[in-house]
Each structure stands twice: as structure tokens, then as C-alpha cells.
Amino acid sequence: MKRLQIGLCFLVGLSLCWGLTFLSPQLPTTAATPDPNHPFTETIANTEIHDGLFTLYKHQEAGHYYLEIQPDQLNRNYLCIPSLSQGLGEGRFLSGISGNSFLFQFRRVNDQIQFVIPNINFRTRPNDPQQGNLRQSFSDSVLYTLPILAIHPDRQSFLIDLSDLLLHHEDLAGWMQNSSLFSSYDLDEDKSYLSQGRVYPQNLELEAVYGFSLRPGQSPPNLPALPDDRAFNLTIHYSMAELPENNGYIPRLADDRLGYFITAYKNLSNLNDSDGFVRYIERWHLEPQDPDADLSPPKQPIVFWLDNTTPHQYREAVKEGVLMWNAAFEQAGFKDALEVRQMPDNADWSPEDIRYNTIRWASTSGSGLAGIGPSHINPLTGEILSADIVINGEILRNRVEDYETFFHLNEALGCSGEGEPAALFSSEQLNEQDICFSLGAREQFAFGLTSLSLLQPGIPPQGEQEKFIHQYLRALVAHEVGHTLGLRHNFHGSTLLKMEELHDPEITQRRGLVGSVMDYVSVNLAPQGVEQGDYFPTMVGPYDKWAIEYGYKPSGALVPIAERRFLEQIAQRASEPELAYATDEDYRGFHDPYVNQWDLSQNILDYSQAQME
0 MKRLQIGLCF
10 LVGLSLCWGL
20 TFLSPQLPTT
30 AATPDPNHPF
40 TETIANTEIH
50 DGLFTLYKHQ
60 EAGHYYLEIQ
70 PDQLNRNYLC
80 IPSLSQGLGE
90 GRFLSGISGN
100 SFLFQFRRVN
110 DQIQFVIPNI
120 NFRTRPNDPQ
130 QGNLRQSFSD
140 SVLYTLPILA
150 IHPDRQSFLI
160 DLSDLLLHHE
170 DLAGWMQNSS
180 LFSSYDLDED
190 KSYLSQGRVY
200 PQNLELEAVY
210 GFSLRPGQSP
220 PNLPALPDDR
230 AFNLTIHYSM
240 AELPENNGYI
250 PRLADDRLGY
260 FITAYKNLSN
270 LNDSDGFVRY
280 IERWHLEPQD
290 PDADLSPPKQ
300 PIVFWLDNTT
310 PHQYREAVKE
320 GVLMWNAAFE
330 QAGFKDALEV
340 RQMPDNADWS
350 PEDIRYNTIR
360 WASTSGSGLA
370 GIGPSHINPL
380 TGEILSADIV
390 INGEILRNRV
400 EDYETFFHLN
410 EALGCSGEGE
420 PAALFSSEQL
430 NEQDICFSLG
440 AREQFAFGLT
450 SLSLLQPGIP
460 PQGEQEKFIH
470 QYLRALVAHE
480 VGHTLGLRHN
490 FHGSTLLKME
500 ELHDPEITQR
510 RGLVGSVMDY
520 VSVNLAPQGV
530 EQGDYFPTMV
540 GPYDKWAIEY
550 GYKPSGALVP
560 IAERRFLEQI
570 AQRASEPELA
580 YATDEDYRGF
590 HDPYVNQWDL
600 SQNILDYSQA
610 QME
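Residue numbers for the sequence shown follow numbering that gives the first Met the number 0, so the first one is 0 and each next one is one higher.
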């Protein structure tokens with residue numbers, strides 16, 4: 000799942016210009032006087048010096064990390080991506096889970112450095128006199144104020160202690176403010192510290208360990224994964240990177256006839272537009288090597304690295320789930336747009352590093368989360384800069400155990416079906432946020448295995464179990480990869496085929512099992528007397544190909560507004576039945592009988608009856 004971004008997207012009627020202006024800070028210029036007791040050279044004495052995007056000074060014995068900020072790095076936009084490098088194995092707190100990325104700036108005010116979230120929600124065209132209204136009408140968010148420890152006498156750069164930024168204000172990601180878990184625990188600064196710092200030419204990678212202790216008088220929540228629920232640690236990784244500038248990326252306008260996540264802002268220069276909002280789709284920057292070819296490799300493919308902790312027996316299924324999308328990109332004119340590479344066992348980088356898009360394998364105890372696929376964007380343009388997928392390995396592990404338990408149980412019962420499968424698949428206590436695709440996917444997996452055990456005259460061959468699990472994992476990964484490509488859910492995707500077509504390989508291998516793998520698709524079980532086809536989708540559907548064509552097909556335009564006619568020619572196919580689209584708001588707020596979760600075929604009643612039989 001990916002975070003839900005609210006707002007309808009539309010194209011017609013927008014009057015757009017690429018290159019807009021947002022709030023420009025007006026800050027005091029009073030010269031700051033460094034503390035004479037902390038001159039620059041004395042402060043950084045006995046530290047390791049690491050040069051890159053920023054200069055990082057590490058004092059091993061004292062455990063301090065100092066950051067040197069150059070004068071030209073003030074008031075510039077940087078992107079921060081927080082993620083859990085060590086979690087709890089419970090609820091949402093899984094290793095690898097990302098928080099929402101955000102734009103930030105360092106600003107100097109007198110003898111302090113401010114950590115600021117600039118307001119980019121309101122913008123104007125360049126030289127619009129309303130630019131003054133932005134400054135007067137809307138506020139930035141100054142999160143923290145940090146003391147300047149010293150100023151370099153020659154470079155006039157500023158030295159700050161990263162502990163002041165990362166350890167004394169809870170966490171930048173907001174996990175501690177937004178979870179009920181922390182109502183029972185206090186952050187213990189004596190147990191918290193910066194554990195790692197690396198710097199590269201375009202990014203800074205930091206890691207902070209946060210220690211928590213049970214609040215006096217509080218009863219601990221049920222956290223069975225902890226050895227002692229009076230205390231625990233969370234490790235948060237922060238990737239801080241500069242935003243790409245002048246890289247040739249052109250934002251693309253959204254259209255509500257198909258589903259992309261969007262980056263939106265209000266353009267105050269659109270005086271004739273009652274809405275005023277500009278909505279860009281979120282997508283990767285792909286350019287063809289040969290712009291004149293009908294099918295060309297991209298200059299830079301989208302590369303996913305498979306975490307080296309992924310069990311060997313599942314790596315091929317994960318790889319296939321990623322590469323499934325290459326067929327969709329061919330419709331957009333790209334050959335081999337996605338690649339999968341294996342993270343070496345001796346890699347000198349971590350999966351949280353913003354330079355790498357990763358697929359991670361998480362171990363959990365008590366989380367119903369099946370998988371999650373967030374991406375991290377440039378909030379000014381909608382360009383996707385990186386993505387990290389997390390797969391909950393416990394889901395497969397539990398289901399394999401359940402599969403074997405069921406088959407042996409049913410064999411002992413003479414396959415009477417009188418066992419109680421619900422007891423074996425009863426859910427642990429789940430975080431409320433996990434109950435959606437997570438619990439539903441888990442139940443579908445369990446239902447499929449249970450049904451196989453009841454329908455088979457004994458224990459099926461090992462290969463059938465492996466086929467089922469392989470197809471499930473491949474489809475799960477394909478769904479999450481779709482999110483990282485910018486696509487939202489499509490709960491109309493399951494209505495592509497008729498009931499009698501679901502197990503016809505000639506049809507499913509040509510058209511697909513579903514219109515979109517971005518649906519929550521029920522397991523495809525053959526009724527008795529019908530030869531079993533595919534359990535889960537093995538290829539992306541026609542909607543997926545169409546959506547990727549809209550998002551990624553090159554137009555040659557130099558500004559978003561110049562693409563309107565080009566995009567309209569693609570989007571006008573929306574009335575074709577196999578391209579039907581309905582997303583989360585449609586499922587929750589309207590009553591279209593064809594918009595469901597965990598269904599399959601064009602007739603939900605007949606399908607449900609067949610499943611009961």
C-alpha cells in the first residue's frame with residue numbers, strides 16, 4: 000500500500016507554466032559571533048573528516064557528529080527520507096518501513112540555524128506581483144532552532160551538532176507523535192545516540208538510535224516480540240539529499256480517468272480558474288536512448304536491488320514480480336525499463352541509502368502487513384527519486400505452516416472439511432493501519448491453501464504448493480512495484496474476464512487474468528471438474544499498460560501545458576471496458592457493484608457462489 004493522497008486530478012481548463020515561484024525567505028543578515036570558547040578548529044579536534052554533500056565530522060570517543068554548512072547551502076531545498084532500519088516486528092514498526100519524505104532548508108537567523116519546512120503549497124509564476132502575497136499570507140514551518148557552535152574563519156561556514164537536530168526533539172519522521180504506542184513510553188535521552196554517519200557527493204546518510212522506557216504508572220501494551228516490554232529501541236535512518244536541478248525532467252499533468260498518485264499545489268497566478276490547483280502525476284524520469292525509435296532502452300533504467308537477506312527460494316518470484324512491468328513500459332516505448340540486481344552479501348551500503356531502490360525482506364511477529372511500496376518524490380515536480388518495497392516474510396512462513404497443517408489435518412479427517420480452519424488462521428492483534436490489503440491478502444492466501452486441501456484427494460504434490468506460493472509472492476511484489484511507479488489502486492481491475500474464462504490459459508496468457516494488478520484480487524480457484532489455471536495474475540493487465548503509457552510515453556514537449564493534446568489522445572480510451580478504473584474513494588464512498596475488493600470475474604454473484612461450492 001502507499002499513502003493515500005486525496006484530491007481529484009483533472010486536465011481540462013488548467014493554464015500552466017513550468018517554473019513557478021514559492022515562498023522566498025526574508026531573513027536577518029546580522030553577523031553571528033562564534034563562541035570564543037568553541038572555535039572551529041578546537042571543536043573538530045580529534046574527529047574523522049568526511050567530505051561530500053556536506054562535510055561531516057565524527058568524534059568517535061565522544062559520540063558526536065558535527066555538520067558543516069556552507070553559506071551557499073543556506074536557504075536551499077533538500078529532501079529528507081526517514082526509514083526504520085531497526086523496528087519492533089509489530090504493527091507498522093517493521094524494519095525497512097519508510098516515513099513520509101519532506102522538503103527542508105537550513106536558514107540562519109542571528110547566531111542560530113533554523114531547520115525549516117518551506118511552504119510549497121502555494122506558488123505563482125515568475126515575476127507575478129502576487130509573490131509578495133505568498134510571503135505575507137502563508138507561513139513556513141520552523142521545526143527546530145540549532146545553536147551555531149563555530150564559524151570557520153575563512154569559509155564562513157557554520158558548524159552544528161547533529162545531536163541537537165536528531166536526538167532532542169523526538170524524531171523528524173513524526174512516528175513518535177503519530178502513534179498511540181508512545182503514549183505509554185517516554186524517549187530516554189540517556190539511551191539515545193547517533194550510531195552512524197556517511198556522506199556522499201549528493202546525499203548524507205545518518206542513523207539514530209532512540210531508546211524508550213515505560214512511563215511511570217503506565218501499564219505496558221501487548222508487545223510479545225519484546226523480551227521485556229518495559230523498554231525498547233527504534234533505529235531511524237535519515238537520508239538527506241539535494242534535489243535534482245535542470246535534469247530535463249518535465250512534470251506531467253494528472254487526469255482523473257486513470258489513477259496516479261499526485262503532487263499538487265495552488266497556483267495563485269491562475270486567476271480565471273475557480274479551483275486553481277495544479278496536479279502532477281508522480282513518476283520516474285525516463286528518457287529513451289533513441290528518441291526516434293518505436294522501442295528504445297532508457298538512458299537510465301529503474302533498478303531495484305534485492306535485499307541480501309531475502310531467502311534464496313523466493314528471490315526468483317520477487318524478480319519476476321518486478322520485471323512483469325516491462326511489458327507495460329513497452330506500450331510506452333521503453334524496452335527493459337526495469338532491472339533487478341542482487342545486493343552483494345559484502346555490500347558497503349545499506350538498503351536505506353537513497354541511492355538504491357530496494358526490495359527488503361522483513362521478519363515480524365504480530366504484523367498483518369503483507370507488503371508496502373512507498374516511493375519518495377521531489378515535491379516540487381512529482382518526479383520519483385527513489386523507492387523501497389518491504390515484504391513481510393512472516394506472512395509466507397505462517398502460510399506454509401498452515402498449508403502443511405491443513406493437509407495433514409484433512410487427511411486425518413478423511414478430507415471431510417469438518418476441521419476449523421478459522422481457528423488456525425485467527426489473526427494476531429494487528430495495528431489498525433495494517434488491516435486492509437494486509438489482512439485481506441493473508442486471508443486469501445489462507446483460503447486458497449485451505450480450499451486446495453479440501454478439494455484434493457489427499458496431500459497434493461509438493462510442486463502445487465510451490466506453484467501457489469510462487470504466484471502469490473510474484474503478484475504481491477507486482478502490486479507493490481506498481482505503487483512505486485506512481486500507480487494507485489484500481490478496484491475495477493478484477494472484472495476483466497467472464498467466469499468461464501478464468502481458467503482458460505489461452506485467454507489468461509494473452510489478455511491477463513485481471514485488468515489491473517493494482518486491484519486486491521481474490522485467489523483464482525477452479526471449481527470441481529475444471530482444470531486449475533493460474534492462482535494469481537501472472538502478467539500486468541490492459542489497464543496497467545494504458546496507465547503506464549499515459550505516465551511515461553515521451554511526448555517531446557518542453558513544458559507541461561504543451562502535452563495536453565498528446566495526453567488527451569491517450570486518456571480518451573477510458574470508456575473501453577477493459578480499462579475501467581475505480582480507486583479507494585470510489586470503493587469507500589460509492590456503491591458500484593463492480594467496484595470491490597477480493598472478487599474476480601464480471602459476475603461477482605456467480606463467482607462468490609462458485610467459491611462457496
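We treat Cβ as the ideally placed atom computed from N, Cα and C, and that holds for glycine.
Bridge-paired residues (DSSP) for residue i
| i | result |
| --- | --- |
| V277 | Y264 |
| W360 | I390 |
| P232 | The sequence as given places Asn at residue 232; Pro does not occur at that position. DSSP output for N232 lists G210 as bridge partner(s). |
| T54 | E67 |
| R282 | E382 |
| S677 | Since the first and last residues shown for the chain are 0 and 612, residue 677 lies out of range. |
| F333 | S295 |
| Y192 | V208 |
| E89 | F92 |
| Y77 | F103, E241 |
| Y184 | L213 |
| Q341 | L305 |
| I48 | Y56 |
| N202 | A240 |
| P219 | None, per the DSSP bridge assignment. |
Cα-Cα separation, residue i to residue j
| i | j | result |
| --- | --- | --- |
| Q135 | P125 | 17 Å |
| F490 | V594 | 5 Å |
| V522 | D185 | 44 Å |
| D255 | T582 | 10 Å |
| F260 | P378 | 12 Å |
| R251 | F121 | 18 Å |
| R154 | D139 | 28 Å |
| T28 | D71 | Caution is warranted here: a pLDDT of 40 is assigned to T28, below 50, making its placement in the model unreliable, and the coordinate value is therefore given only provisionally. Spanning the two alpha carbons is a distance of roughly 14 Å. |
| Y64 | V339 | 35 Å |
| F39 | I147 | 10 Å |
| F405 | H58 | With a pLDDT of 44 at F405, under the threshold of 50, the modelled position of this residue cannot be trusted; read the value that follows with caution. For F405 and H58, the distance between alpha carbons rounds to 57 Å. |
| E188 | L213 | 13 Å |
| G381 | D585 | 24 Å |
| F157 | E479 | 42 Å |
| Q341 | N99 | 26 Å |
| E41 | P152 | 13 Å |
| A316 | N325 | 15 Å |
| W597 | D291 | 43 Å |
| V279 | E463 | For the sequence presented, residue 279 should be read as Tyr rather than Val. The straight-line gap from Cα to Cα measures roughly 44 Å. |
| S268 | F137 | 16 Å |
| Q428 | L524 | Confidence in Q428 is poor, its pLDDT being 28 and thus under 50, which makes the residue's placement unreliable; the coordinate value appears in the next sentence. Approximately 29 Å between the Cα atoms of the pair. |
| P200 | F467 | 45 Å |
| L102 | N76 | 6 Å |
| R196 | T234 | Looking at the sequence provided, one finds Gly at residue 196 rather than Arg. Their backbone Cα atoms lie some 13 Å apart in a straight line. |
| E281 | V558 | 16 Å |
| A474 | S349 | 26 Å |
| L165 | G332 | 44 Å |
| L87 | L368 | 13 Å |
Under 8 Å between C-beta atoms of residue i and residue j
| i | j | result |
| --- | --- | --- |
| I48 | Y56 | yes |
| G485 | M517 | no |
| A477 | G320 | yes |
| Y551 | E577 | no |
| Y192 | G372 | no |
| I112 | F105 | yes |
| H488 | E530 | no |
| E562 | S554 | yes |
| P297 | L285 | yes |
| S84 | H236 | yes |
| R664 | L66 | The structure shown does not extend to residue 664, since the chain is modelled only from 0 through 612, so no value can be given for it. |
| L512 | T483 | no |
| L514 | A579 | Before going further, note that residue 514 is Gly rather than Leu in the sequence given. Going by C-beta atoms, G514 is nearer than 8 Å to A579. |
| S238 | I353 | yes |
Any chain B beta carbon closer than 8 Å to residue i
| i | result |
| --- | --- |
| L83 | You won't find chain B in this structure, because it holds only one protein chain. |
Residue i: CB within 7 Å of a non-hydrogen atom of the ligand FMN
| i | result |
| --- | --- |
| L83 | Looking at this structure, you won't find the ligand FMN or any other ligand, since it has none at all. |
Cβ contact (3+ pairs, closer than 8 Å) linking the region 376 to 393 and the region 74 to 89: yes
The region 492 to 501 / the region 595 to 612 touching (three or more Cβ pairs under 8 Å): yes
Start-end ranges of the alpha helix (DSSP H) lying completely within the region 94 to 156, minimum 4 residues: 130 to 136
Stretch-stretch touch, CB-based, cutoff 8 Å, three pairs: the region 269 to 281 with the region 228 to 246: no
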